[in-house]
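Undergrad: The structure is given below, and queries will be raised subsequently.
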Amino acid sequence: MERGTRTLSTPRPAPRPARNRLAAGAVALVVLLAIAAGTLYFRNGAGAAGSPGPLATGTGLPTPSDTGLVARLNVGPGATFSWAPDGRHLLVSDAAGSRVYDRFGKLVSDFAPVEGWLDASRLVGVDGSVVDISHSQPGASPAGSAVLANGHGSAAIVVAQPTGCGDPVVNWYRDGEYVKANENVTPLGWSPDGRYVLLGHETCDASTPATSREGQVQVVDFASGRVAVTLDNVQGEIAFSPDGASVAAQSGPDLEVGDLDTGEPETIPGARFLGWLDQESIFVAFGSRIQFVDLDPVDVSAATYAVWKASSPTGLALAGDLTGSARAIVAVNGFQLLDLSSAGLAAEPYSAAAQASETYLQPGWWSPDGGMLALESTDGTFIALISVDSSRPGSWASSGH
């Protein structure tokens, strides 16, 4: 690993083939994430999908030309967003309901109920109903309800919140049916391929503020019910690696990285997770220092960095700083495609430098093909829809900002 200070223009290390690498250790890892207001303190999002590699071409997806701002989508407080599994549409949800936009920011449909991606062309609602994305739907969502769908035919549907401490009541959409399981569990999100669901159980202690509670999380193979990893004392951010084979998450003041095949976590003491650079390496913060960690075996570089980077499905990266603000879109060779330092956009929901008060899944900024990027404004009033062409640098100012 190169020693010294690395800047945005410095090439990133080349990704290495993924392999089972994590040594056996004490089990402890992963997340509690706020998906709705009220007493459920888990925040929904999605990890980056796919593994770094050559820029995808010939996808046939409609993509605005060049690199720059395509649209600003106005949103209300607490907005969330997610890409369709084919990357053709963006679903945005807030207190007013859910809306589907195409890649040019054109409104396709409007849904009063809360919805989630069942697949590329259909949404599933809080009542288990399925609707085509081209058909708007009236109605209202019950208070405290939420949908966490995996885009591959399954969804966790929160139908009731606990009174005080505890887990919500959850039903499921699976195998083409709405299953009224009335299960007490906290669904946290899904792996990029929809195979694994994160299921949490909040540790109840009335003396602990709800936004600070830790809990156990199981990473479960949804089809078989097999528990891949059981994680204890989790509070903070979680993110799947670009290939979906590993997870990184905060457990108190430490960072845990676990392999889903072996179920064996590795602890990096005192580190706060920032972003996966590739399936074998991550950026972390030690206090006010951004550092790089090679995971096979664990090796913390002595170098410090001005920004951290999180890989896209094609190997491009979103760069951010310790305040959680987006700084740039960066090519594989370190070339800056788009300067975001004055755009007022958030790479993370909360300040990465602050002590964690809630736990959340890292946002799924990138479309699955890597040609589009969605970022919420730091003031929470809009979502920026950005086109990314790796061969053409762009200007934020000339893109309509």
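The sequence shown begins at 1004 in the numbering used here and counts up by one.
No residue lacks a Cβ here, since even glycine has one placed at the ideal position from N, Cα and C.
In this text the structure is predicted, and so the values were computed from the model without any measurement.
Could you tell me if F1338 is buried or exposed, where buried requires 16 or more neighbouring beta carbons within 10 angstroms of its beta carbon?
TA: Here residue 1338 refers to the residue found at position 335 of the sequence shown. So F1338 counts as exposed.
Undergrad: Which of helix, strand or coil does DSSP assign to L1121?
TA: Position 118 of the sequence shown holds residue 1121. Note: L1121 maps to coil in three-state DSSP.
Undergrad: Can you check which of these residues, S1132, F1114 and S1137, is closest to D1105 by C-alpha distance?
TA: Start at 1 with the first residue of the sequence shown, and residue 1105 comes out as number 102. Out of S1132, F1114 and S1137, S1137 has the C-alpha closest to the C-alpha of D1105.
Undergrad: Cβ atoms of G1367 and S1085: under 7 Å apart, would you say?
TA: Your numbering for residue 1085 matches position 82 in the sequence shown. Your numbering for residue 1367 matches position 364 in the sequence shown. Contact: yes.
Undergrad: So, is V1182 buried or exposed, given that buried needs 16 or more other C-beta atoms within 10 angstroms?
TA: Looking up residue 1182 in the sequence shown gives position 179. Label assigned to V1182: exposed.
Undergrad: What is the residue span of the beta strand (DSSP E) that T1381 lies within?
TA: Here residue 1381 is taken as the residue at index 378 of the sequence shown, counted from 1. Element bounds for T1381: n/a, residue is neither H nor E.
Undergrad: Assign I1160 to one of three DSSP states: helix, strand, or coil.
TA: Position 157 of the sequence shown, counted from the first residue, corresponds to residue 1160. Here I1160 sits in strand by DSSP.
Undergrad: Measure the beta-carbon distance from S1249 to L1263 and round it to whole angstroms, keeping in mind my assumption that it falls under 8 Å.
TA: Position 246 of the sequence shown, counting from 1, holds the residue named residue 1249. Position 260 of the sequence shown, counting from 1, holds the residue named residue 1263. Contact holds; Cβ gap of about 6 Å.
Undergrad: Would K1312 be called buried (16 or more neighbouring beta carbons within 10 Å of its own) or exposed?
TA: Taking the sequence shown and counting its residues from 1, the one referred to as residue 1312 is at position 309. K1312 should be labelled buried.
Undergrad: T1189: buried (16+ other C-beta within 10 angstroms of its C-beta) or exposed?
TA: Here residue 1189 is taken as the residue at index 186 of the sequence shown, counted from 1. Buried, by the Cβ-count rule.
Undergrad: Do V1073 and G1119 have their CB atoms nearer than 7 Å?
TA: By 1-based counting over the sequence shown, the position of residue 1073 is 70. By 1-based counting over the sequence shown, the position of residue 1119 is 116. No. Outside cutoff.
Undergrad: Can you give me the C-alpha to C-alpha distance between L1340 and L1076, rounded to a whole angstrom?
TA: In the sequence shown, residue 1340 corresponds to position 337, counting from 1. In the sequence shown, residue 1076 corresponds to position 73, counting from 1. So the two alpha carbons sit approximately 22 Å from each other.
Undergrad: DSSP three-state label for S1291, please.
TA: Within the sequence shown, numbered from 1, the residue matching residue 1291 stands at position 288. Correct three-state label for S1291: coil.
Undergrad: Bridge partners of R1106, per DSSP?
TA: One-based indexing of the sequence shown puts residue 1106 at position 103. R1106 pairs with nothing; no bridge assigned.
Undergrad: On a Cα-Cα basis, can you pick out the residue from V1134, G1156 and V1161 that is closest to S1144?
TA: Stepping through the sequence shown from its first residue, residue 1144 is reached at position 141. Cα-wise, what sits closest to S1144 is V1161.
Undergrad: Taking the alpha-carbon of Q1219 as reference, which of R1229, L1201, A1226 and G1228 has the nearest alpha-carbon?
TA: Within the sequence shown, numbered from 1, the residue matching residue 1219 stands at position 216. Checking every option, the nearest Cα to that of Q1219 belongs to L1201.
Undergrad: On a Cα-Cα basis, can you pick out the residue from A1146, T1066, D1235 and V1335 that is closest to A1098?
TA: For the purposes of this step, residue 1098 is identified with residue 95 of the sequence shown, where counting begins at 1. When only C-alpha atoms are compared, the closest one is A1146.
Undergrad: My understanding is that A1115 touches V1095, with C-beta atoms under 8 Å, so please give their C-beta distance in whole angstroms.
TA: For the purposes of this step, residue 1115 is identified with residue 112 of the sequence shown, where counting begins at 1. For the purposes of this step, residue 1095 is identified with residue 92 of the sequence shown, where counting begins at 1. 14 Å between Cβ atoms; not a contact.
Undergrad: Based on DSSP bridge pairs, tell me the residues matched to V1223.
TA: Counting from 1 along the sequence shown, the entry for residue 1223 is found at position 220. Answer is V1200 and V1230, bridged to V1223.
Undergrad: Compute the Euclidean distance between the alpha carbons of E1351 and I1285, then round it to the nearest angstrom.
TA: Position 348 of the sequence shown, counting from 1, holds the residue named residue 1351. Position 282 of the sequence shown, counting from 1, holds the residue named residue 1285. About 16 Å.
Undergrad: Output needed for S1344: all residues of its chain with C-beta closer than 6 Å, excluding positions within five of it in sequence on either side, in chain order.
TA: Counting from one through the sequence shown, the residue named residue 1344 turns up at place 341. R1330, listed in sequence order.
Undergrad: Do you know offhand how far Q1294's Cα is from S1304's?
TA: On the sequence shown, position 291 is the one that residue 1294 refers to. On the sequence shown, position 301 is the one that residue 1304 refers to. If I take the Cα positions, the gap works out to 6 Å.
Undergrad: So, for S1194: in the same chain, excluding its five sequence neighbours on each side, which residues have a beta-carbon less than 6 Å away from its beta-carbon?
TA: Here the question's residue 1194 lines up with position 191 in the sequence shown. Within the same chain, S1194 has close Cβ partners F1243 and G1247.
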